[in-house]
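Novice:
Residue numbers (UniProt numbering): 1 to 529.
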């Protein structure tokens, strides 16, 4: 019934990167600290060279592990995506101070996993909770104006020392695990945000990406604090979320990751929000009573960020222990936020603005004898039957749902066509959400060999396997009166239970007839010869 078959992607080899000594400064710490860091980098470089013979084998093992996190298709597809862009455009990861204090080992092991795959995220961190405690210990009451920390000279001095210590703690732990790191300073240039109101607080005016690019090219994971510098060399305090956003605007990564102890955003029912399609849902979210304070501000800030990035970029709010699952599965682990696409609906053929484009989408990835003519007949049949089509403007995903009937008391997902880009950009997820809003119960069938089977299982309340096919359903109980006749038809007819309303059955039958005709003609020619 369904054709959701993007080409299976093989995890491509990543280009080799030089591992020699760096040619740029690694820190702005005092001289003694710089010597310590340089010695550590030298030692780390020597140990990496010693490990070089096993590096490829380690990466192969880690790549295999990726496939075990979700389905093989998911692991390969996302790894292919992340290695298809220049290295610095993979991900920006913002690490909050609480993560460095409470979840350092989980964070570092997740970063080691990425490093062994040849993926180099750009990391920016703050230290807000630690700074609050240090200020209280020093007899300084933390002050905030409009949610922004007022930073006087004493606060700035304490913050500078703290940030360097936290940076060193993170890089030391990563180096112990074998992850080559480079601490960078001077990345953020800033002016005073409002010196009279906030004193030494900066508004970022420029991001120097050259040091980041050179670090990654040399095989190092770049790590920086959110401290910025003015043109005259004065240090300025910048909120780490703000710094991560400006860094992302400069780099335009595929993923922007905010690590959070909560592991995501939560809705009015206190359930985690799995994904947000901003184009479709932003206005609705802003109207919700529960969407207030920090949650409301976070969603608005993320929308402002994504509006300035390519549509391929997304933001994830996750717990550090869930980093692999978020990056390498369709379902993710935290809250995934994208600009997305508005999902269009049509309930009659005349509502399609471009019927030829609809037909081309239905034929896509369904090469076979008589495919175009079969699709023409399928579209013609829709003119006399009720249906609802769901699709995005780019036609990365197209679904056709048939309403319940007396013979079949559940809505039916009659056909589904999704491109590779549709899987990766979450359009498939958005289309299914729209379908579920309109249809409280639904069934569909998929071949047991479909590489996206895991995704379908996640969408269903239950399933039946029979003769290499799977019947999925949601919204009804196992022994529901609505499900029994559908199950009986499925056992008797397999994926052909919908007859001519099933495009895939039409296509298979047309291909079989055309093939048989060709074989007969060939046999006749041989007999005459």
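C-beta: ideal position from N, C-alpha, C; glycine also.
State the CB to CB distance for the pair residue 204 and residue 243, rounded to an integer number of angstroms; the pair is presumed to be in contact (CB under 8 Å).
Specialist: In this structure residue 204 is in contact with residue 243, their Cβ atoms being roughly 7 Å apart against a cut-off of 8 Å.
Novice: Between which two residues does the alpha helix (DSSP H) harbouring residue 284 extend?
Specialist: That run of the alpha helix (DSSP H) goes 278-286.
Novice: Roughly how many whole angstroms lie between the Cα atoms of residue 318 and residue 192?
Specialist: C-alpha separation (whole angstroms): 32 Å.
Novice: Could you pull the start and end residues of the alpha helix (DSSP H) that residue 199 belongs to?
Specialist: Taken as a continuous stretch (DSSP letters only), residue 199 belongs to no alpha helix (DSSP H), as it is neither H nor E.
Novice: Grouping DSSP H, G and I as helix and E and B as strand, with all else coil, what is residue 152?
Specialist: coil
Novice: Please list the segments of the beta strand (DSSP E) lying wholly inside the stretch 94-124, counting only runs of 3 or more residues, in order along the chain.
Specialist: none
Novice: Helix, strand or coil for residue 220? Go by DSSP, reduced to three states.
Specialist: coil
Novice: Can you list, in chain order, the stretches of the alpha helix (DSSP H) that have 4 or more residues and sit fully within the stretch 260-346?
Specialist: 278-286, 293-306, 323-328
Novice: Round the Cβ separation of residue 321 and residue 337 to the nearest angstrom and send it over; I've been treating them as touching at under 8 Å.
Specialist: The pair is not a contact, with the Cβ atoms about 20 Å apart (cut-off 8 Å).
Novice: Once the 5 residues before and after residue 386 are set aside, which same chain residues still bring their CB inside 8 Å of it?
Specialist: Its chain contains 347, 402, 403 as the residues whose beta carbon lies nearer than 8 Å to that of residue 386, once the 5 sequence neighbours on both sides are disregarded; these appear in chain order.
Novice: Between the alpha carbons of residue 190 and residue 252, how many angstroms are there, rounded?
Specialist: 20 Å
Novice: Express the C-alpha separation of residue 226 and residue 183 in angstroms, rounding to a whole number.
Specialist: 12 Å
Novice: Relative to the alpha-carbon of residue 138, which residue among 397, 394, 157 has its alpha-carbon at the smallest distance?
Specialist: Closest in C-alpha terms to residue 138, from the list 397, 394, 157, comes 157.
Novice: In terms of residues, what are the limits of the alpha helix (DSSP H) holding residue 356?
Specialist: 355-363
Novice: Just to confirm before moving on: does the CB-CB distance between residue 180 and residue 221 stay below 8 Å?
Specialist: yes
Novice: What does DSSP give as the partner residues of residue 418 in its beta bridges?
Specialist: Looking at the DSSP assignment, residue 418 forms a beta bridge with 397.
Novice: Does DSSP put residue 145 in a helix, in a strand, or in coil?
Specialist: strand
Novice: From residue 100 to residue 241, what distance separates their C-alpha atoms?
Specialist: Their backbone Cα atoms lie some 15 Å apart in a straight line.
Novice: Would residue 214 count as contacting chain C if we go by Cβ distances under 8 Å?
Specialist: Absent from the structure is chain C; it holds one protein chain and no more.
Novice: Taking 8 Å as the threshold (C-beta atoms), are residue 82 and residue 254 in contact?
Specialist: Judged by beta-carbon spacing, residue 82 lies within the 8 Å limit of residue 254, meaning their Cβ atoms are closer than that value.
Novice: Give every residue of the same chain whose Cβ lies closer than 7 Å to the Cβ of residue 411, excluding the five residues on either side of it in the sequence, and list them in chain order.
Specialist: 401, 402, 403, 404, 439, 441, 442
Novice: Does the beta-carbon distance from residue 356 to residue 74 come in below 8 Å?
Specialist: no
Novice: Please confirm whether residue 332 and residue 239 have their CB atoms less than 8 Å apart.
Specialist: no
Novice: What do you get for residue 350, buried or exposed, if any count of 16 or more other CB atoms within 10 angstroms of its CB means buried?
Specialist: exposed
Novice: Touching or not, the stretch 169-176 and the stretch 258-265, by the rule of three or more beta carbon pairs under 8 Å?
Specialist: No, because fewer than three Cβ pairs between the stretch 169-176 and the stretch 258-265 fall closer than 8 Å, the two stretches do not touch.
Novice: Would residue 468 and residue 448 qualify as a contact pair, given that the criterion is a beta-carbon distance under 8 Å?
Specialist: yes
Novice: For residue 201, is the classification buried or exposed, using 16 other Cβ atoms within 10 angstroms of its Cβ as the cut-off for buried?
Specialist: buried
Novice: Which of helix, strand or coil does DSSP assign to residue 228?
Specialist: strand
Novice: Short of 8 Å in beta carbon distance, which residues of its chain neighbour residue 361, apart from the five on each side in sequence? Order them along the chain.
Specialist: Closer than 8 Å at Cβ, skipping near neighbours: 391, 395, 398, 417.
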